[in-house]
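Only one structure is covered here, and it is reproduced in the block below.
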Amino acid sequence: MNQNELLMRFAPLVGRTDIPDDVKSLISATVSEADPLRNDKWIYRTVVVILGVAVIATVFGGIYLAILAKADQSVKLPDAIVAIGSAAVGALAGLLAPSPKGD
Numbered sequence: 001m002n003q004n005e006l007l008m009r010f011a012p013l014v015g016r017t018d019i020p021d022d023v024k025s026l027i028s029a030t031v032s033e034a035d036p037l038r039n040d041k042w043i044y045r046t047v048v049v050i051l052g053v054a055v056i057a058t059v060f061g062g063i064y065l066a067i068l069a070k071a072d073q074s075v076k077l078p079d080a081i082v083a084i085g086s087a088a089v090g091a092l093a094g095l096l097a098p099s100p101k102g103d
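If you're matching positions, the sequence shown starts at 1 in this note's numbering and goes up one per residue.
Put into structure tokens, the structure is as follows:
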């Protein structure tokens, strides 16, 4: 059940006058805690840090292999590493780009 469904179900309770204010605030707090992906900033920060580490590790791994190769064309960066780095950069761009605000 997502937050919109919870709000639709609990909205009539918050508007009633026979329910005490402390119960109304408890209902509002419960609804706001029901969707941690939107409310918990640590999840977002953790994902950004992990993706950033993946990008940095890929870049430095490529530089290390380039230094290790010393003009030897047989040593190449594996395609899987390139794919991981590219996916991490794309995911970071998607997370850090501002979301469109439609009216």
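A virtual CB, placed ideally from N, CA and C, is assigned to each residue, including glycine.
Residue i - containing alpha helix (DSSP H), residue span
i     : result
Thr46 : Lys41 to Ala69
Ala97 : That residue, Ala97, is in no alpha helix (DSSP H); it is neither H nor E in DSSP.
Under 8 Å between C-beta atoms of residue i and residue j
i     : j     : result
Ile84 : Ala54 : yes
Val47 : Leu96 : no
Leu68 : Val59 : no
Ile81 : Gly61 : yes
Residue burial classification, residue i (beta-carbon count within 10 angstroms, cutoff 16)
i     : result
Ala93 : exposed
Leu51 : buried
Leu88 : As written in the sequence, residue 88 is Ala, which differs from the Leu given in the question. Classification for Ala88: buried.
Member of the options whose CA lies at the smallest distance from the CA of residue i
i     : options                       : result
Ala57 : Ile43, Ser86 and Lys76        : Ser86
Thr30 : Lys70, Ile81, Gln73 and Phe10 : Phe10
Ala91 : Val23, Val49 and Met8         : Val49
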